[in-house]
Amino acid sequence: MLTELDETLHHQGPLTFEHVLTTDHRFYDRQLMGGFSPDGNAAFLAGITYFKNMNVVEGFVIAQSHSRTQYNIRLTKQLRPMPMSKDASIGPLHLEIIEAFKHLRYVLEGGDYPVALDINFHNLLQPRLEKPHFSRLDGRVTTDYLRYNQIGRLSGRIDIDGERFDAREWFGWRDHSWGVRPGVGGFEPMTGTRVGGGVASASRTNGKGMFLLHQGFSNGREAGSFQVIEDGDGQRIYTEGEACIIGGEEAAVTAIDHEIVFKPGTRVFDHTTVHLGLSNGAAWELKSKAIGRPWVYRGAGYEGGFNDGQGQGVWRSDKLLMEVDTYDVSDPELVVFPDGSTGYPKHREQLSTCTINGVAGHAYSPMFVIGDHPRWNLTGR
């Protein structure tokens, strides 16, 4: 099938834009945006994903208020016939790309569910194209994707369970990733090696535990982002990032040293100290303090989300299917699900205040600590 995109001179292979070069069922293409109020009392995360090889489009909005409750809205339907716009929609959720890399807008229309939003993202930095993510386990490519991330300011409003929050210069972030990646596009086959912590994404460490720290940060003058991934023994397998004075030239992150202090009895950080070495010779210190509550990504469909327990990228309906539920997130780590069961999510993305070289700001701080980590006396999950 031809689409209007096929009139452009941007093909990457002998296919129309309806198809992708890989036949891996997990291939995905996702836009994601999130942000939070300065005090952490309101936060949201929204995304739309195409799974072209599964003929699925999905969307989600999750929102938290006062670190007590997470409200989840999951949307899915058949993708084809293929949309032809640079914008994306599924049901009441819309992503508008007003000016590429500079101004984007998410809208969730109000309805018979507890969240509505109209949020504009304006960039502070140019997008950061991360180094390629690739891993292979037992002869199978488990990870092969690209992602760019971006720091910005948010304006607009979000309604959460009848309470309105007006966003004025909130800290915001977004990313756009595409490729194949464990846990976000359908089932993962067993190929012999048991994965540390039972999480597919930990396959990047050849079955050992995994530590990941990814922070995007800004204080209005300085900003940047970095990632570090290590196995359970502390062996580093991935680093990347950049930082700059806003409006100035970016410098690559060349060295990362981290100190993590966990909330007692959890794998959630209370505060962190990170020292960054930059390619221009500068040394930056980033101190972060957790506020609010880490996202429970299962509410967005990750980690076996959706009511059927099959997770993302699964064909469920040719028409729009919507799921709405709430989680009790009043504990720093333990989650109470709608059926009364409890769990400890492994996909932890934390909101935080920070200081960058002593100047106060905010940061988005995903941190995964999966499997065994002798250096922190952590075993199991």
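Residues in the sequence shown are numbered consecutively from 1, following full-length UniProt numbering.
Glycine residues also receive a C-beta, built at the ideal position from the N, C-alpha and C atoms.
Owing to the predicted nature of the structure, the values given are computational and were not obtained by experimental measurement.
* Would you kindly report the start and end of the unbroken beta strand (DSSP E) that includes Asn149? => Arg140 to Ile160
* Pairwise C-alpha distance: Ala43 and Gln70 -> 9 Å
* Cβ neighbours of Asp372 in the same chain (closer than 6 Å, five flanking residues each side left out) -> Gly209, Gly232 and Thr379
* Hey, could you find the ends of the beta strand (DSSP E) Lys77 is sitting in? => Thr69 to Gln78
* **Selected residue, minimal CA-CA separation from Gln235, among Phe36, Val61, Val336 and Thr205** => Thr205
* **Spatial neighbours of Ala63 in its chain, beta-carbon cut-off 6 Å, leaving aside the 5 residues before and after** => Phe44, Tyr71, Val115 and Ile160
* Residue range of the unbroken beta strand (DSSP E) whose run includes Gly247 -> Neither: Gly247 is in no beta strand (DSSP E) and is coded neither H nor E.
* Enumerated in chain order, which unbroken segments of the beta strand (DSSP E) with a length of 3 residues or greater are wholly contained in the stretch 343-367? -> 348-356
* **Segments of 4+ residues assigned as alpha helix (DSSP H) that fall wholly inside the stretch 198-241** => none
* Just mark Ser177 as buried or exposed, buried being the case when its beta carbon has 16 or more other beta carbons within 10 Å. => buried
* Asked: How big is the Cα-Cα spacing for Arg30 and Ser279?
  -> 30 Å
* Look at the Cβ atom of Val61, then the Cβ atom of Leu108, and state whether they are nearer than 8 Å. => yes
* Asked: For Leu334, which residues of its own chain have a beta-carbon under 8 Å away from its beta-carbon, when the five flanking residues on both sides are left out?
  -> Thr342, Gly343 and Tyr344
* **For Pro81, three-class secondary structure by DSSP** => coil
* Quick one: is Phe187 buried, meaning 16 or more other Cβ sit within 10 Å of its Cβ, or exposed? -> exposed
* Cβ neighbours of Tyr364 in the same chain (closer than 6 Å, five flanking residues each side left out) -> Trp173 and Gly216
* To do: Have a look at the DSSP bridge pairing and note the partners of Gly40.
  => In DSSP, Gly40 forms no bridge with anything.
* **Three-state secondary structure (DSSP) of Arg375** => helix
* For the putative contact between Leu75 and Glu58, defined by C-beta atoms under 8 Å, what is the C-beta separation to the nearest angstrom? -> 6 Å
* Ser37 and Phe121: beta carbons closer than 8 Å? -> no
* Asked: So residue 402 packs on Ile256, CB below 8 Å; how close in whole Å?
  -> Because the chain here runs from 1 to 381, residue 402 falls outside it and cannot be looked at.
* Limits of the unbroken beta strand (DSSP E) element including residue 409 -> For residue 409 there is no data in the structure shown, the boundaries of the chain being 1 and 381.
* Asked: Can you give the Cα-Cα distance for Ala360 and Ala243, rounded to whole angstroms?
  -> 16 Å
* **Arg128 and Ser225 closer than 8 Å at C-beta** => yes
* Asked: Using the rule of at least 16 other Cβ atoms within 10 Å of the residue's Cβ for burial, across every protein chain shown, is Asp175 buried or exposed?
  -> buried
* Asked: How long is the line joining the alpha carbons of Thr353 and His66, rounded to whole angstroms?
  -> 16 Å
* For Ala290, count neighbouring Cβ atoms within 10 angstroms of its own Cβ and tell me buried if that reaches 16, exposed if not. => buried
* Asked: Near Gly207, what residues of its chain come up, given a Cβ to Cβ distance below 7 Å and the 5 sequence neighbours on each side ignored?
  -> Thr193, Arg194, Val195 and Gly196
* Have a look at the DSSP bridge pairing and note the partners of Trp178. => Asp29 and Leu146
* **Asp308 to Arg316 span [Cα, whole Å]** => 9 Å
* To do: Return the residue from the list Met190, His214 and Gly277 that minimises the CA-CA distance to Arg140.
  => Met190
* Asked: Under the three-state reduction of DSSP, which class applies to Tyr302: helix, strand or coil?
  -> coil
* Asked: Looking only at C-alpha atoms, which of Pro83, Glu323, Glu4 and Gly241 sits nearest to Ser147?
  -> Contrary to the premise, residue 147 reads as Arg rather than Ser in this sequence. Of Pro83, Glu323, Glu4 and Gly241, the residue nearest in Cα terms is Gly241.
* **Opening and closing residue of the beta strand (DSSP E) in which Val56 lies** => Val56 to Ser65
* For Arg375 and Arg105, the rounded distance between their alpha carbons -> 43 Å
* Whose C-beta lies closer than 6 Å to the C-beta of Thr3 among residues of the same chain, with five residues either side of it excluded? -> Phe17, Met82 and Met84
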